[in-house]
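Enquirer: One structure is given below, represented as structure tokens, and several questions about it will come after.
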Amino acid sequence: MDGFLEISLEIGFMCVVFSVVLAFVRLIKGPSLQDRVVALDFMTVAIVAFCGLAAIRYGTSAFLDVALVLALVGFLATVALARFAERNTERSRERTSDD
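Per the working numbering: the sequence shown ends with 104, consecutive numbering throughout.
Here you go:
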């Protein structure tokens, strides 16, 4: 493999791992549900990027299949969590207006 490509891949892997760690910290700290949903979505995107880098590094398309499935599952999870957060907000508004 070319030297420049090798260095670029290593830097890419380090950046993706660092971003996943930072997103994980935001996932743990919160403070709100919306912060956690965004952090989880970002972690999914970063892991998809990691799979793309691994596909280039090892020269196999199996990682791209994994990345595609992970992106679809991550999208569905984000939509479901956003829907849950919306319903939770509506319920709290209804409780507040009833009081």
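Glycine residues also receive a C-beta, built at the ideal position from the N, C-alpha and C atoms.
For A51, which option in F9, G8, L73 has the closest C-alpha, if you only look at C-alpha atoms?
Expert: L73
Enquirer: Using 8 Å as the limit for Cβ to Cβ distance, is D40 near chain B?
Expert: The chain labelled as chain B is not found in the depicted structure, where only one protein chain is given.
Enquirer: Can you list, in chain order, the residues of its chain whose CB lies under 8 Å from that of T83, leaving out five sequence neighbours each side?
Expert: Excluding sequence neighbours, T83 sits near V42, L45, D46, T49.
Enquirer: So is A28 buried or exposed if we call it buried at 16+ other beta carbons inside 10 Å?
Expert: buried
Enquirer: Determine the burial state of L58: buried for a count of at least 16 other Cβ atoms within 10 Å of its Cβ, exposed for fewer.
Expert: buried
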